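*Asks:*
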């Protein structure tokens, strides 16, 4: 693992690398190529060419069997990880800024970027697909649901909630398709979000601050703020027991509310 940091920092950005749920492999995207790396021992397992143009976003299902990717300009693709085969593909009307699988891989949520069409400003939107027989079926869509194109999406561990970010944190109920609330506040766009396994805490990060929130029945309460002091953090993740928040490879922070 000694060479892992330089490889990532030199060639990959924050949208194009993601660990499997068990941390046993890492998926990276470079240009239109997907690479699968073993983490113990460290090494390249397989590579396959995916999109015609550059891959913009990637995500792995929790069971490690499916990959979702977005390619330039607006292609959403579902892949079988073992075979590397494209099992479903959709051409969308706008670019994709975020992807998220539900924990059981039954749903895939995407955030569509804002755009201008026929002199009309279209705000960023959210689409939720059901992954059925490895095909993508639209379940619901929330147009103009987000305030900012740069967003993060994450499902709660029980799959009941979908959380999205802009400058604020927005929470939807998956089954009712209702927006439950807009809470929290950052001075800059939120670029990363993590929900604790018990759904009682959130960590949200912008370019300057990492904030911790406690989920309560009456809303969200900010419990702590970590100043980044110009440190560039590219991703956030939870340890297997859900008690440790890891940022990049060097910064480890205990989540007080887990």
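Residue numbers (the UniProt record's numbering): 1 to 258. In this text, a Cβ means the ideal position worked out from N, Cα and C, and glycines have one as well. Keep in mind the model is a prediction, meaning the values are calculated, not measured.
Closest by CA to residue 48, which one among 97, 61, 30 and 59?
*Replies:* The residue you call residue 48 lines up with position 48 of the chain shown. Considering only alpha carbons, the answer is 30.
*Asks:* Can you say whether residue 264 is buried or exposed, counting buried as having 16 or more other CB atoms within 10 angstroms of its CB?
*Replies:* A question about residue 264 goes unanswered here, because the residues of the chain that appear run from 1 up to 258.
*Asks:* Do residue 74 and residue 58 have their C-beta atoms within less than 9 Å of each other?
*Replies:* The residue you call residue 74 lines up with position 74 of the chain shown. The residue you call residue 58 lines up with position 58 of the chain shown. Not in contact: residue 74 and residue 58 (Cβ atoms no closer than 9 Å).
*Asks:* By the 10 Å Cβ neighbour count, where 16 or more other Cβ atoms means buried, how is residue 42 classified, buried or exposed?
*Replies:* By one-based count along the chain shown, residue 42 stands at place 42. It counts as exposed.
*Asks:* Kindly provide the ranges of any beta strand (DSSP E) runs that are 3 or more residues long and lie completely inside the region 154-219, ordered along the chain.
*Replies:* Qualifying beta strand (DSSP E) stretches, in chain order: 161-165, 169-173, 178-183, 192-195, 201-205 and 209-216.
*Asks:* With DSSP run on the structure shown, which of helix, strand or coil describes residue 97?
*Replies:* For the purposes of this step, residue 97 is taken as residue 97 along the chain shown, with counting starting at 1. Of the three classes helix, strand and coil, the one that applies to residue 97 here is strand, per DSSP.
*Asks:* Nearest to residue 104 by CA position, among 115, 131, 24 and 126, is which residue?
*Replies:* In the chain shown, counting from the first residue as 1, residue 104 sits at position 104. The shortest C-alpha separation from residue 104 is found at 131.
*Asks:* Use the C-beta contact count for residue 204: other C-beta atoms within 10 angstroms, 16 or more gives buried, fewer gives exposed.
*Replies:* Working through the chain shown from its first residue, we reach residue 204 at position 204. Under this definition residue 204 is a buried residue.
*Asks:* Quick one: any contact between the region 191-205 and the region 154-173, if contact means 3 or more CB pairs under 8 Å?
*Replies:* Short answer: they touch.
*Asks:* For residue 18, count the other beta carbons within 10 Å of its own beta carbon; 16 or more makes it buried, fewer makes it exposed. Which is it?
*Replies:* Position 18 of the chain shown, counted from the first residue, corresponds to residue 18. Residue 18 comes out buried.
*Asks:* Whole-angstrom Cβ separation of residue 168 and residue 185, contact assumed at under 8 Å?
*Replies:* On the chain shown, residue 168 is found 168 positions in, with the first residue counted as 1. On the chain shown, residue 185 is found 185 positions in, with the first residue counted as 1. Indeed, because the Cβ distance is near 6 Å, the residues count as touching under 8 Å.
*Asks:* State yes or no: is the C-beta of residue 115 within less than 9 Å of the C-beta of residue 153?
*Replies:* As a first step, residue 115 must be located in the chain shown, where it is residue number 115. As a first step, residue 153 must be located in the chain shown, where it is residue number 153. No, Cβ-Cβ distance for residue 115 and residue 153 is not below 9 Å.
*Asks:* Ignore the nearest five residues each way along the sequence and tell me which others in residue 64's own chain have a CB closer than 6 Å to its CB.
*Replies:* Taking the chain shown and counting its residues from 1, one reaches residue 64 at position 64. Cβ within range, chain order: 20.
*Asks:* Look at residue 172 and residue 142 and say whether their C-beta atoms are less than 9 Å apart.
*Replies:* Position 172 of the chain shown, counting from 1, holds the residue named residue 172. Position 142 of the chain shown, counting from 1, holds the residue named residue 142. Yes. Within cutoff.
*Asks:* Can you tell me which of the three DSSP states residue 80 falls into?
*Replies:* As a first step, residue 80 must be located in the chain shown, where it is residue number 80. Three-state DSSP puts residue 80 in a strand.
*Asks:* Could you tell me the alpha carbon to alpha carbon distance between residue 56 and residue 126, rounded to whole angstroms?
*Replies:* Position 56 of the chain shown, counting from 1, holds the residue named residue 56. Position 126 of the chain shown, counting from 1, holds the residue named residue 126. Approximately 17 Å between the Cα atoms of the pair.
*Asks:* For residue 56, list the residues DSSP reports as bridge partners.
*Replies:* In the chain shown, the residue the question calls residue 56 occupies position 56. DSSP, once it has assigned bridges, lists no residue as partnering residue 56.
*Asks:* Can you give me the C-alpha to C-alpha distance between residue 24 and residue 121, rounded to a whole angstrom?
*Replies:* For the purposes of this step, residue 24 is taken as residue 24 along the chain shown, with counting starting at 1. For the purposes of this step, residue 121 is taken as residue 121 along the chain shown, with counting starting at 1. C-alpha separation (whole angstroms): 43 Å.
*Asks:* Indicate, with yes or no, if the ligand FAD has a heavy atom lying under 8 Å from the CB of residue 201.
*Replies:* Ligands in the displayed structure: none, and consequently the ligand FAD is not present.
*Asks:* Since residue 81 and residue 90 should fall inside the 8 Å C-beta cutoff, what is the C-beta to C-beta distance between them, to a whole number of angstroms?
*Replies:* The sequence position of residue 81 within the chain shown is 81, counting from 1. The sequence position of residue 90 within the chain shown is 90, counting from 1. About 19 Å separates the two Cβ atoms, so there is no contact after all.
*Asks:* Among 170, 119, 107 and 157, whose alpha-carbon lies nearest the alpha-carbon of residue 140?
*Replies:* The sequence position of residue 140 within the chain shown is 140, counting from 1. Nearest of 170, 119, 107 and 157 to residue 140, Cα basis: 107.
*Asks:* Going by the CB atoms, is the gap between residue 97 and residue 28 shorter than 9 Å?
*Replies:* To locate residue 28, count along the chain shown from 1; it is residue 28. To locate residue 97, count along the chain shown from 1; it is residue 97. No. Outside cutoff.
*Asks:* Return the first residue and the last residue of the beta strand (DSSP E) that residue 20 is part of.
*Replies:* For the purposes of this step, residue 20 is identified with residue 20 of the chain shown, where counting begins at 1. Counting along the chain, residue 20 falls outside any beta strand (DSSP E), and DSSP gives it neither H nor E.
*Asks:* What did DSSP end up calling residue 46 once you bin it into helix, strand or coil?
*Replies:* Your numbering for residue 46 matches position 46 in the chain shown. It is a strand residue.
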